[in-house]
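The numbers in numbering that gives the first Met the number 0 rise by one with no breaks, and the one at position 90 of the sequence shown is 89. Report on one structure; see the data block that follows.
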Amino acid sequence: MPGVRKNPMNRGKQPTAAELSDKGDERATVAPDPNTPTPDPPSPHSNRSDDEDNAGEGPLIREQLRKTPSKERFIAMAKAYQKTLIDTLTQERDEAIAYRDLAVRERGDFAFRLRNA
Numbered sequence: 000m001p002g003v004r005k006n007p008m009n010r011g012k013q014p015t016a017a018e019l020s021d022k023g024d025e026r027a028t029v030a031p032d033p034n035t036p037t038p039d040p041p042s043p044h045s046n047r048s049d050d051e052d053n054a055g056e057g058p059l060i061r062e063q064l065r066k067t068p069s070k071e072r073f074i075a076m077a078k079a080y081q082k083t084l085i086d087t088l089t090q091e092r093d094e095a096i097a098y099r100d101l102a103v104r105e106r107g108d109f110a111f112r113l114r115n116a
């Protein structure tokens, strides 16, 4: 004989009413309020007009253009940065090689001392 399968009817659904028990036999059923206001979705556009947006851009663009270096100056700055970066990396590489050589020498000395001890 097959077993009795218990499958709740409201599985995966939110309850539509909640039962509140104040005292032993008294039960009150409270349903959600259907008149609950829902908030409006945020507007993707601001309330300002396009004229207000474009009014302040002129001086900002001129200021940015004044701060931006010319093509030749930008190329010179990029080359100077590249040279500084290459010099820094070369120095770090040389230090790493020196540490490696020192470690190889120390290892050789240690092996020689172990062999002759």
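Positions of the beta carbon are idealized from the N, C-alpha and C atoms, including for glycine.
Cβ neighbours of residue i in the same chain (closer than 6 Å, five flanking residues each side left out)
i: Asp100; result: none
i: Glu105; result: none
Three-state class that DSSP yields for residue i in the structure shown
i: Asn115; result: helix
i: Pro58; result: helix
i: Asp86; result: helix
i: Asp93; result: helix
i: Asp108; result: helix
i: Asp50; result: Unreliable placement is indicated for Asp50, whose pLDDT of 49 sits below 50; the coordinate value is still reported in the next sentence. Asp50: helix per DSSP, three-state reduction.
i: Asp100; result: helix
Buried versus exposed, by CB contacts within 10 Å (16 or more), residue i
i: Asp50; result: Confidence at Asp50 is low in this model, with a pLDDT of 49, below 50, so its placement is unreliable and no value can be given for it.
Spatial neighbours of residue i in its chain, beta-carbon cut-off 7 Å, leaving aside the 5 residues before and after
i: Pro68; result: Met76
Chain-order list of residues whose beta-carbon lies under 8 Å from that of residue i (same chain, five-residue window excluded)
i: Leu32; result: The sequence shown places Asp at residue 32, not Leu. So the list is empty, once near-sequence residues are dropped.
CB contact check: residue i to chain C, cutoff 7 Å
i: Glu62; result: Among the chains in the structure shown there is no chain C, since it carries only a single protein chain.
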